[in-house]
Structure formats: structure tokens, C-alpha cells
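Asks: First the structure, which I've put down as C-alpha cells, then a few questions once you've had a look.
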Amino acid sequence: MAATLVEKIFSRRCGHPVRAGDVIMAPVDCAMIHDITGPLAVQKFREMGGKRVFDPEKIVLLFDHQIPADSLPAAENHVFMRRFAVEQNIHNLDIKEGICHQVVMERGRAGPGEIVVGADSHTCMYGAAGAFSTGIGSTDMGFVLKFGALYFRVPTTIRLEIEGAFCPRVGPKDLILAIAGEIGADGANYQALEFAGGTIETMDMAGRMTCCNMAVEMGAKAGIVPPDGITWEYLRARRQVNPFTLSSDRDAEFTSVHRFDAERLSPKVAVPHNVDQVVDVEKVAGTSIDQVFIGSCTNGRFEDLREAAEVLGNRSFHASVRVLVIPASRLEYLKALRAGLIEQFVAAGALVEAPCCGPCMGGAFGLLAPGEVSLSTSNRNFRGRQGSAESLVYLCSPATAAASAIRGEITDPREV
Amino acid sequence: MKIEGRALCLGLDIDTDVIIAGRYLRTKDRSEWARHAFEDLDPSLAQRLEGTVIIAGKNFGCGSSREQAAIALKEAGVRGVIAPSFARIFFRNAINIGLPVIECECTCSDNEAVSADPGTGAVTIGTHTYHTRPLSPRMLEILSAGGLVAYWRGRR
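Residue numbers (our numbering), protein chains in the order written: chain A, 1 to 416; chain B, 1 to 156.
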């Protein structure tokens, strides 16, 4: 019987054929916990009688949201998790490596056909590696830490077919914002989003990560790209691989199929306070901004920083704007450093911070005061997301962020 | 099981950042989460949550996976949440910590009497009764036990 990519992954890991809608217990290949949701997950693990975790080798543990510890409670959370890592013999990456999702990907901890869970909603990003990956709460994570398995309802799939080449200064972030605008904030609730078509087939891993990362902004349980040569090549540098074919059957049953023409896309901006309120950049061009944030698990990779740097050239950022650049991981930071991008940003007036989530969650630094406006390459523009409930967050691509930071107002990157 | 309380009506796409802001996630003190629930929507709301059933629009609990959002509501005395749809992580978190959630599209005014049964799918607001899909037997068992931890302990 014809099956979707996601049905095939669950069938493979359960050892028997499963269909969308089935509720099954499936083994977990990797589980990720961090400083914000980890302490509660550990507490739940213990309340469930947990003594030893199912497999310390299959757990990625690190801190990225409030680092370096920005307060005493944060420092105490870190100590709590460090002790747990020592007690359970889990390799602790601590505050040193960067944002959890980027680190899982760059260490090859998610691969085609695997099931990965993380106590963070943007865990859906690892679909870029052909894994079924999804965000879960702390109680579910406590259960996973103990049993190494979890109940899942196998999701139905919405297929997105994207064809055509992007115009200059338009890219994956503009695409995924356009998709969010069309599908809506809950249009993929409980479902998987499968990205396919010529645009995806030629897209690099960084772009695929940006797309899969934001699947949850449409309510999706997972975003996924069928693994291909680009996926296997990325993984080969990170782990042992034995390439195999994994894709939806041609006659598989999808809830719906949506087609997008990448060539016709212009730069997009999501306006406050919903990710699906997406407009062409022209509609909001001229909006005055106080802060620009280039970073996050959505757009903090080398490719994103390079995109921003290309727009910037040898110009300076506008005097009225605070520009925060935060690479997604230590390795991405090093790449940017060696390519001269960091010097370029600092010379232009930016603050370059060490790899972490930064202002994205509004829990650490770089917060906005009432009335302030941020333009951000991150994934959420909810009320109060980056500080005051009276501040405004607009979402965009690294190119749009850089162009706007030069002019001090939201700017079409094709104009600078 | 039955949930009863007075209606608190909220809008569409209520996200977990609005339920409990990121700046309050450092602590493990549940009462702190309850005190700051919905602060960015209306700072006075947290004090009025005790004894309410939240009646909201579609996609309640969208965004972050933070279980602290569901815990904040339960800790503040919210008896349950009724909405046409929930974001999947919030829905699962709510069941896991023993906060009743019911998928039902209904209209309401603040403070109307609400009585609902997740086991039968009957929801009465004021004088009007709606019939919606009941929760699965497994979810009801978890809810009745007070959450997944208690449910799992009871089965051992």
C-alpha cells in the first residue's frame, strides 16, 4: 500500500506497517534537552521513578536559552542539569556549543528514517536531515528519558511542492514566511509538512533547516525533506552513513498539496503579533526600527550571516539602530570569523554575541522596552516575545534585516 | 469526570508566550508561573483565574513547548480550557499534567456558568448545551489520575 515518508519512518522503527491516525509506541533515536525545559523534564523523570536514563548516548544535553547564566535562578538551573549529566553519565555540552537545534544537526545526531524528540518546539528542524523530529513537553520528555520511547499519533501529511529559482535577495526564509501566510498558524496542526520540488532539491542544508524549523509555526508536528544526495553528503562529514532511499510513494495519500513558485516570491515580512500575518516587504517599508536581530535556530547559520554581509558590503549600520548578530553555534561562529564576516559586522557597528538563543525568547538579554520595534530573523513575533508586551516584533530574512539595519527602517533588500 | 466554573472568554491563537512569558521560565516555583499567567495580555487576569473555565478561539496554546504554560493555568485554579482547536504540544502537555481540555466551538460571555464533561463531550455554557467529541478513554484515565506521572505510578 502506498505510504507517505512519515508513515514509512514510523513503520520502519515500529517493525510493522502503520498508517496516519494510528497511535503507536515508537522508540526514540535521540532526545534533546536544554536549560529551560530540561529541569522540569528531569523532575518528571524522577517522579516517574526514573533512576537511570534509557541510554545516555542517545541524549543531547546543553544550555542555550539563558547563557552565560544571566541570573541566579538560571545559574541554579545550569548546576541542576550539570549534576544530572554527571549522575547519568550524559555528555554535557553545557554553554559551549550553541543553539540546541543547530548543535543536534551539526553533530549528525539526527538522520534519515530516525525518530528524534526534543523538549523544544523547534525540534521539527531536524526534518532537514530526513528524520521525523518533533517538540514535546517536559512530562513526555521525562517519560522518554526513562523508557526511550513515546506514544505518537502518526500524522497525516501536507505536501508542499516548490519549483523555480529564487530571485536575487529572496531566499528560504521568504519562502517559509509565504508558506506560513498561506497555510495559516494552525493550518498544519497535528500534521507533517513535507517539502518537495525542484527548489527544495537544489536548496542547501541551511535553507532546508530554515524551512523545517518553522513548520511548527503552522502547528505542524514535523517538517521533513526527503533525504537526497545533499542530505547524505552533509551527514557523511558528521557520522557513518549508509545511504538508502526514503520518500513518499507517488500515490501516497496527502491531506492536501500546495504549490509555490519560488521565482515569483518577493521578500516577505511577518507583522506583529502572528507568524501567519505575512506581507510583501513593500507594504511595511519605511517602518522605523530600534533593534535588528540576526541569528536564532531559524537564521543564525554561516549562510545566513553571509547573506546579511553581502547586503551590508562595506557600509555601516544606521546610527539609530542596535544590531545584534548571534551565530547559531560555535562552529558557525568560527566559519563566519574565518570568512571575515564577524569583522565586517563589528566594523559596521553591530554587537556580535556568543552563540545562544539571544533575544528570541525574551528570556535573556536584548529585550525591548514598551513602544520599541524589532526586526528579527527568528521565528516568532508573538506579543511580548522579545520583551515588553507593548513592543513590536517583525520577522524577515537575513538580507531584509541587513538592508533595514543600514537604512534604520524596514527596507526592501533589492533596493540597497 | 465533570468540570465546572465560570467562563473566561479569550480570543484566537492564544500563544504560550502570552500564557507565561519567557522571562518567568527561570524559576521552578509553580506559584510564580500562576501569578504571572497572561500578564502580557492583561496583568490583572492572573488574580481572576481561580474557578474559571477558559473558553477560547482556535489554536489555543500555539508556539513554545513550555509545559510551564499548562502548569501555570492549573496552578492558578483554571478548571479547564475549551476551544475549537488546540496546538498539539499544549494539548498533550495539558492532559499530561491533568488540566482538562475539550475541543468545542462555542460562544460565551464572561462569568457565565460552564459545566462540561470531557467523557461525554457535553459542554453547557449558560443555558446552551453543545455536543462535541469526547476525549479518548486513555486520555480520560490520565486526566482522572491527575496527569501522566500519577497515571503511570498507579499502573505499576
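A virtual CB, placed ideally from N, CA and C, is assigned to each residue, including glycine.
1) Report the three-state DSSP secondary structure of B:Arg157 (helix, strand or coil).
2) Across the region 35-44 of chain A and the region 134-150 of chain A, are there enough close Cβ pairs to call them in contact, namely three or more that are closer than 8 Å?
3) Could you say which of A:Asp174, A:Val281 and A:Arg407 lies nearest to A:Asn299 if we only look at CA atoms?
4) What separation, rounded to the nearest whole angstrom, lies between the Cα atoms of A:Gln191 and A:Arg153?
5) Check A:Gln291 in the structure and name its three-state DSSP category.
6) Please work out which residues of its chain come closer than 7 Å, Cβ to Cβ, to A:Arg107, disregarding the five sequence neighbours upstream and downstream, and give them in chain order.
7) Tell me, please, whether the CB atom of A:Ala389 is closer than 8 Å to any CB atom in chain B?
8) With 7 Å as the C-beta to C-beta threshold (strictly closer), list the residues of the region 361-385 of chain A near chain B in chain order.
9) Less than 7 Å between C-beta atoms, sequence neighbours within five positions excluded: which residues of the same chain meet that for A:Ala418?
10) Identify whether A:Ala128 lies in helix, strand or coil by the three-state DSSP scheme.
11) Quick one: which residues of the region 287-305 of chain A get their C-beta closer than 7 Å to a C-beta of chain B? List them in chain order.
12) Are A:Ser11 and A:Ala2 close, meaning C-beta to C-beta below 8 Å?
13) Which first and last residues belong to the beta strand (DSSP E) in which B:Ala150 is found?
14) Given a threshold of 16 other Cβ atoms within 10 Å of its Cβ, counted over all protein chains shown, does A:Pro155 qualify as buried or as exposed?
15) Comparing the C-beta of A:Tyr394 with each C-beta of chain B, is any distance below 8 Å?
16) Whose C-alpha, out of A:Asp280, A:Cys357, A:Ser248 and A:Tyr394, is nearest the C-alpha of A:Lys268?
17) Can you tell me which residues form a DSSP beta bridge with B:Tyr130?
18) Starting from A:Asp140, follow the alpha helix (DSSP H) in both directions and report where the run begins and ends.
19) So, does the CB of A:Leu265 fall closer than 8 Å to a CB anywhere in chain B?
20) Whole-angstrom Cβ separation of A:Val275 and A:Leu395, contact assumed at under 8 Å?
21) When you compare only the Cα positions, how much space is there between B:Val81 and B:Ile55?
22) Per the DSSP calculation, A:Asp280 is bridged to which residue(s)?
23) Indicate whether A:Arg19 and A:Arg414 have their beta-carbon atoms separated by less than 8 Å.
24) Strictly by DSSP, which residues pair up with A:Arg259?
25) State the DSSP-derived secondary structure class of A:Asn299, mapped to helix, strand or coil.
26) When Cβ atoms are compared, which residues of the region 86-102 of chain B fall closer than 7 Å to chain A?
27) Comparing alpha-carbon positions, which option in B:His131, B:Val101, B:Trp152 and B:Pro137 lies nearest B:Ile3?
28) Give me the residue from B:Gly98, B:Pro43 and B:Leu73 with the minimum Cα distance to B:Arg138.
29) In whole angstroms, what is the alpha-carbon distance linking A:Glu253 and A:Gly21?
30) Expressed to the nearest angstrom, what Euclidean distance is found between the alpha-carbon atoms of B:Cys62 and B:Asp13?
31) Measure from the C-beta of B:Trp33 to each C-beta in chain A and report whether the shortest distance is under 8 Å.
32) DSSP three-state call for A:Met25: helix, strand or coil?
33) With distances taken from CA atoms, which of A:Ser248, A:Asn92, A:Ala74 and A:Ala401 is nearest B:Arg23?
34) Would you please verify whether the beta carbon of A:Pro73 is less than 8 Å from any beta carbon of chain B?
35) Run through chain A and tell me which residues come within less than 9 Å of B:Leu8, C-beta to C-beta.
36) Measure from the C-beta of A:Ser121 to each C-beta in chain B and report whether the shortest distance is under 8 Å.
Replies: If we stick to the structure as given:
1) There is no way to answer for residue 157 of chain B, as the model of chain B reaches only from 1 to 156.
2) Touching, yes.
3) The shortest Cα separation from A:Asn299 among A:Asp174, A:Val281 and A:Arg407 belongs to A:Asp174.
4) 10 Å
5) Strand at A:Gln291.
6) Excluding residues within five positions, the ones whose Cβ falls inside 7 Å are Arg238.
7) yes
8) Met361, Gly362, Gly363, Arg380, Phe382, Arg383, Gly384 and Arg385
9) Past the edges of chain A, shown from 1 to 416, lies residue 418 of chain A, and the structure says nothing about it.
10) It is helical.
11) none
12) No, they are not a contact pair.
13) Counting along the chain, B:Ala150 falls outside any beta strand (DSSP E), though it belongs to the alpha helix (DSSP H) covering Leu148 to Arg155.
14) buried
15) no
16) If we check each option's Cα against that of A:Lys268, A:Asp280 comes out closest.
17) B:Val123
18) Ser138 to Phe147
19) It does not; no Cβ of chain B falls within 8 Å.
20) 7 Å
21) 6 Å
22) A:Lys268
23) no
24) A:Glu161
25) helix
26) Ala87, Arg88, Ile89, Arg92, Asn93, Asn96 and Ile97
27) B:Val101
28) Answer by Cα proximity: B:Gly98.
29) 12 Å
30) 6 Å
31) no
32) strand
33) The option with the nearest alpha carbon to B:Arg23 is A:Ala74.
34) yes
35) Simply none; closest approach about 18 Å.
36) yes
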